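Below is one structure; the comments refer to it alone.
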Amino acid sequence: MLNESSNVDSLHARLVATLAPLGIPYELVCVDDGSQDDTFDRLASLRERDPSVRAIRLSRNFGKECTVTAGLDASHGRLLALMDAATWKLVQLGAEGITSFSIVPLRLATYLGLLVSTVAIVSAAYDFVRTVLYGDPAQGFPSLFVGMLFFGAVQLVSLGIIGEYVGKTYIESKRRPLYFVRESLGGRPPTELP
1 MLNESSNVDS
11 LHARLVATLA
21 PLGIPYELVC
31 VDDGSQDDTF
41 DRLASLRERD
51 PSVRAIRLSR
61 NFGKECTVTA
71 GLDASHGRLL
81 ALMDAATWKL
91 VQLGAEGITS
101 FSIVPLRLAT
111 YLGLLVSTVA
121 IVSAAYDFVR
131 TVLYGDPAQG
141 FPSLFVGMLF
151 FGAVQLVSLG
161 IIGEYVGKTY
171 IESKRRPLYF
181 VRESLGGRPP
191 TELP
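Mind the numbering: the sequence shown is residues 1 to 194 in our numbering, read in order.
If you want it as structure tokens, here you go:
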């Protein structure tokens with residue numbers, strides 16, 4: 001949950017209305033992903049009223065994937081279901097997914113290579129159509145230009161792929177924990193092994 005204080009009670013009511021009639025024990029693990037509002041305070045008051053609620057507050061905003069991992073690490077059940085607190089903005093999630101990793105600049109070589117290869121293919125198609133339809137053969141420079149563009153694009157794409165591997169290796173080599181728990185109410189705190 002990230003800044004979802006207005007949705008905490010309605011989410012709890014919907015989940016209890018769904019789970020209580022089943023007659024099986026359950027726990028509701030709610031993870032606050034560094035909210036700036038009173039989301040965790042509402043979870044704490046909910047925990048006082050309902051012992052099946054477990055509230056975990058992360059030390060800062062780590063992102064949806066790490067928040068889900070913290071919730072899974074903290075859960076005790078054999079059957080787990082994931083649910084978001086609200087209708088999350090997918091555009092914001094996409095932007096976060098792109099900008100939260102340091103390997104994004106390494107992808108520029110791949111994208112540039114794809115762009116240049118597209119230009120090379122369009123140039124080759126133009127030269128081909130001009131030669132076939134108008135009988136005006138492209139001599140010398142245009143064909144050389146297309147060839148240079150194409151092979152340069154292949155090199156850029158290759159560098160981009162190598163950059164992806166280097167970037168992923170770099171991120172993995174840091175062996176940083178996925179998240180840090182600031183506070184946990186109910187049950188054992190999640191443990192995240194590096």
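C-beta: ideal position from N, C-alpha, C; glycine also.
Fair warning: this is a prediction, and the values are worked out from it, not measured in the lab.
Spatial neighbours of residue i in its chain, beta-carbon cut-off 6 Å, leaving aside the 5 residues before and after
i	result
Leu-159	Ala-109
Gly-67	Inspection of the sequence shows that residue 67 is occupied by Thr rather than by Gly. The residues are Val-31, Asp-33.
Phe-150	Ala-120
Gly-71	Val-29, Val-31
Asp-38	Ser-5
Arg-49	none
Pro-21	none
Arg-182	Arg-57, Ser-59
Environment of residue i [buried if 16+ CB atoms lie within 10 Å]
i	result
Tyr-179	buried
Ser-35	buried
Gly-147	exposed
Cα-Cα separation, residue i to residue j
i	j	result
Ala-95	Tyr-134	Any reading at Ala-95 needs caution, since the residue's pLDDT is 46, under 50, leaving its predicted position unreliable; the model's value is listed next. Spanning the two alpha carbons is a distance of roughly 47 Å.
Arg-176	Arg-60	15 Å
Val-157	Phe-40	46 Å
Ser-173	Thr-131	54 Å
Leu-2	Leu-15	18 Å
Thr-118	Leu-144	16 Å
Own chain partners of residue i with C-beta closer than 7 Å, once the 5 adjacent residues on each side are dropped
i	result
Leu-112	Leu-156
Own chain residues within Cβ distance below 8 Å of residue i, not counting five before or after
i	result
Pro-142	Ser-123, Asp-127
>> At 3 residues or longer, what runs of the beta strand (DSSP E) sit wholly inside the segment 47-71?
In response: 53-58
>> Measuring CB atoms only, is the segment 167-176 touching the segment 13-28, in the sense that at least three cross pairs come out at less than 8 Å?
In response: no
>> My parser needs the alpha helix (DSSP H) runs of 4 or more residues fully inside the segment 94-175; what are they?
In response: 104-134, 141-173
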